[in-house]
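Using my numbering, the letters of the sequence shown correspond one by one to residues 2 to 115.
Scroll down for the structure; my scribbles are underneath it.
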Amino acid sequence: MLSHRRRAAGFVWNRILAVALVLLFTVHGSSVKGETLVEGARLVALTDDGKSKAWSWAWHGDKILVDRKVWETQSQLVVMNSDGSDEQPVTPIGNPFFAQWSWAGDRISYEFSN
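Structure follows, in structure tokens:
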């Protein structure tokens, strides 16, 4: 019975922590960019369009693959460094999907349609 109470208490505290984090980011909005979360770690805005999706980190953590929406019905795969620099298009503008990094993180596989 005691372990059940501990699990229930842990669940409640996890929910309280999650709500507190949501409120923190909601209240601070864009001023959170650059705030220190953990010593040595910082939040960095990688995009500013609000439409990018399907983020995929390479296994080594140095590169990120993003499906960037270009028009209402078309997008483009781009690769960037983990800090958001050196953004390079991977596909032409169209409809890329099912993008994945190779196990070594040096190649990308995807399907594409126009």
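Glycine residues also receive a C-beta, built at the ideal position from the N, C-alpha and C atoms.
Keep in mind it's a predicted model, so treat the numbers as computed, not measured.
Which residues bound the beta strand (DSSP E) around residue i?
{"i": "E40", "result": "Segment: none, E40 is in no beta strand (DSSP E) and carries neither H nor E."}
Would residue i and residue j be called neighbours here (beta carbons separated by less than 8 Å)?
{"i": "W60", "j": "G106", "result": "yes"}
Please determine, among the options, the residue with the shortest C-alpha to C-alpha distance to residue i.
{"i": "Q89", "options": "V67, N96, W102, F99", "result": "V67"}
{"i": "G95", "options": "F113, G41, W56", "result": "F113"}
{"i": "K70", "options": "S57, S53, D63", "result": "S53"}
For residue i, collect the residues of the same chain with a Cβ closer than 6 Å to its Cβ; drop the 5 residues on either side in sequence, then sort them by chain order.
{"i": "T48", "result": "none"}
{"i": "Q101", "result": "S110"}
What residues in its chain sit with their C-beta under 7 Å from that of residue i, if we drop five residues either side in the sequence?
{"i": "D84", "result": "V45"}
Among residues of its own chain, excluding the 5 on either side of residue i, which ones have a beta-carbon nearer than 8 Å to its beta-carbon?
{"i": "T92", "result": "Q77, L78, Y111, F113"}
Could I get the ranges of all uninterrupted beta strand (DSSP E) runs contained in the stretch 52 to 103, with 3 residues as the minimum, in chain order? 54 to 58, 64 to 70, 76 to 82, 96 to 102
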